[in-house]
Structures are given as structure tokens and as C-alpha cells.
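Residues in the sequence shown are numbered consecutively from 1, following full-length UniProt numbering. Accompanying notes for the structure given below.
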Amino acid sequence: MSDYSRRRLLVAALALAGVSAIGCGESCSCEAPRPEPADVTIYIVRHAEKQQLPEDAPEAERKDPPLSRDGQVRAMGLTEDVPVRDISAIYVTKTRRSNDTASAVVALNGVKPIIYPPADTDGLVERLRKRHGQHVLVVGHSNTIPLLLAGLGVPEAVEIDEAQYGDMWVVTLNGAGATVELRRFGESVERFDPGR
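Now the structure itself:
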């Protein structure tokens with residue numbers, strides 16, 4: 001390497017060292033700006049109508065009943081009310097009614113449901129908050145959804161009557177907190193009335 005080339009490299013190295021030493025001063029931050037995490041959109045529904053079983057039905061069946069005919073129709077209608085192709089994760093409890101409510105969405109988009117323990121609200125909230133930029137479906141129960149909404153930062157308290165079905169809370173999580181929109185689901189499919 002010639003002396004001239006060595007001097008050019010030395011000058012370039014000193015210039016670079018000078019820039020590094022100077023930094024950008026007190027007027028700016030040297031850290032690259034971090035992008036804001038993308039919003040998380042969560043569709044929260046109570047399972048659809050469950051079948052009313054007779055008193056003499058086996059106890060295991062009474063504790064975990066399937067969906068009624070109306071519930072099955074409502075579950076099919078859920079596919080019209082959530083963006084099925086955009087759903088990245090589906091959370092259900094291990095109950096038949098929770099799984100059956102999500103089954104039509106699962107069949108159309110192929111996402112395997114994730115079973116969550118209904119008593120672990122904090123754990124579910126933490127998992128949902130990490131799904132930046134995703135759309136998520138959660139199928140819960142009348143006694144778990146109010147706690148979940150509160151955990152996500154929805155300020156209005158929610159109560160769900162035992163006979164109340166078809167509500168859907170669309171929660172958007174962003175840097176500013178949580179916003180919620182109450183919608184209905186499963187009413188686009190016409191119910192068959194054998195009396196007609």
C-alpha cells in the first residue's frame with residue numbers, strides 16, 4: 001500500500017472517529033426511533049346458546065353441554081361477523097360449547113385453537129397484548145368475559161346475564177390504551193322454525 005493510500009485511510013479513520021466522538025449533542029437522541037407497536041384487535045364473544053339437558057342426563061354431560069340448534073346456527077353466523085381470513089389466533093376454553101362456537105371460523109381459516117384456562121385472566125391478557133398487528137378471536141363465558149375486558153383496560157364494567165347471547169366486544173389495543181365497540185354476532189344466518 002502506498003504512503004498516499006495509507007494517509008487517506010488515516011484521515012478517513014480520524015474523521016470517522018471525530019464524528020463518533022461528537023455524536024449528535026444534547027439536542028437529539030442518538031437512539032434510532034422505535035416504531036410504535038401495531039394495534040391488536042380482539043373479537044371477544046360468549047359461547048353460543050347451550051343445549052338445555054334434562055335433570056337425569058349424565059352429570060358430565062350437564063357440566064359440559066353441547067350447543068343447542070340455535071347455538072349451532074349462531075356459531076355458523078360468527079363467520080360473517082369476524083374477518084375470518086385475518087384471524088391469527090383463536091382462544092377457547094376446553095368446554096364443548098366454547099370449541100363449538102369457534103368451529104366454523106376454525107374450519108374456514110385453518111388456525112388451530114389455543115386452549116386457555118378460564119381462571120387465568122392475567123395470563124390470557126398478557127398473551128393477547130403480545131399479538132401486535134394481529135386479529136384474535138376469544139370465546140369465553142358469562143363469568144370470564146367481564147374480567148377479561150377489565151384486564152384489557154376497558155373502563156366500563158360489563159355484566160352478562162345467563163340468558164344473554166350474541167354480544168361481541170371488539171377491543172382494540174394501542175399505545176393509548178384500549179377502545180371497545182359492542183356489536184352483535186351470529187344473526188345473519190336465518191334460523192329454521194319447524195312450526196312454519
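Positions of the beta carbon are idealized from the N, C-alpha and C atoms, including for glycine. What you are looking at is a predicted structure, and each value in this text was computed from that prediction instead of being measured.
Rounded to a whole number of angstroms, what is the C-alpha to C-alpha distance between residue i and residue j?
{"i": "Val-171", "j": "Gln-52", "result": "31 Å"}
{"i": "Gln-164", "j": "Leu-147", "result": "17 Å"}
{"i": "Pro-37", "j": "Pro-58", "result": "49 Å"}
{"i": "Gly-186", "j": "Asn-99", "result": "15 Å"}
{"i": "Gly-133", "j": "Pro-83", "result": "14 Å"}
{"i": "Arg-46", "j": "Ala-176", "result": "26 Å"}
{"i": "Lys-112", "j": "Glu-156", "result": "32 Å"}
{"i": "Trp-169", "j": "Ala-60", "result": "30 Å"}
{"i": "Asn-109", "j": "Arg-62", "result": "31 Å"}
{"i": "Met-69", "j": "Leu-182", "result": "The residue asked about is misnamed: residue 69 is Arg in this sequence, not Met. So the alpha carbons of these two residues sit roughly 25 Å apart."}
{"i": "Val-131", "j": "Ala-178", "result": "What sits at residue 131 in the sequence shown is Arg, not Val. So the two alpha carbons sit approximately 14 Å from each other."}
{"i": "Asp-120", "j": "Leu-149", "result": "13 Å"}
{"i": "Leu-116", "j": "Lys-50", "result": "Strictly speaking, residue 116 in this sequence is Tyr, with Leu absent from that position. The alpha-carbon atoms of Tyr-116 and Lys-50 are separated by roughly 20 Å."}
Give a yes or no on whether the C-beta atoms belonging to residue i and residue j are separated by under 9 Å.
{"i": "Asp-122", "j": "Thr-95", "result": "no"}
{"i": "residue 200", "j": "Ala-104", "result": "No answer is possible for residue 200: the residues shown for the chain start at 1 and end at 196."}
{"i": "Asp-167", "j": "Arg-184", "result": "yes"}
{"i": "Ala-102", "j": "Gln-72", "result": "no"}
{"i": "Ala-89", "j": "Ile-114", "result": "yes"}
{"i": "Tyr-91", "j": "Val-158", "result": "no"}
{"i": "residue 211", "j": "Thr-41", "result": "Nothing in the structure corresponds to residue 211, since the chain is present only between 1 and 196."}
Just to check my reading of the structure: residue i and residue j have Cβ atoms closer than 8 Å, yes? What is that Cβ distance to the nearest angstrom?
{"i": "Asn-174", "j": "Asp-39", "result": "5 Å"}
{"i": "Tyr-43", "j": "Leu-152", "result": "Actually they do not touch by this definition, with Cβ atoms about 12 Å apart."}
{"i": "Val-125", "j": "Val-154", "result": "Not confirmed; about 11 Å, so no contact."}
{"i": "Arg-97", "j": "Leu-67", "result": "6 Å"}
{"i": "Pro-118", "j": "His-141", "result": "6 Å"}
{"i": "Glu-80", "j": "Ser-188", "result": "4 Å"}
Locate the alpha helix (DSSP H) running through residue i, then write down its first and last residues.
{"i": "Ser-103", "result": "96–109"}
{"i": "Glu-55", "result": "It is not in any alpha helix (DSSP H) - Glu-55 carries neither H nor E in the DSSP assignment."}
{"i": "Arg-131", "result": "Premise fails: Arg-131 is in no alpha helix (DSSP H) and is neither H nor E."}
{"i": "Gly-71", "result": "69–81"}
With residue i as the anchor, note down where its beta strand (DSSP E) starts and where it stops.
{"i": "Gly-151", "result": "Here Gly-151 belongs to no beta strand (DSSP E); instead the alpha helix (DSSP H) covers 145–151."}
{"i": "Ala-163", "result": "That residue, Ala-163, is in no beta strand (DSSP E); it is neither H nor E in DSSP."}
{"i": "Arg-46", "result": "40–46"}
{"i": "Ala-89", "result": "87–92"}
{"i": "Val-180", "result": "177–184"}
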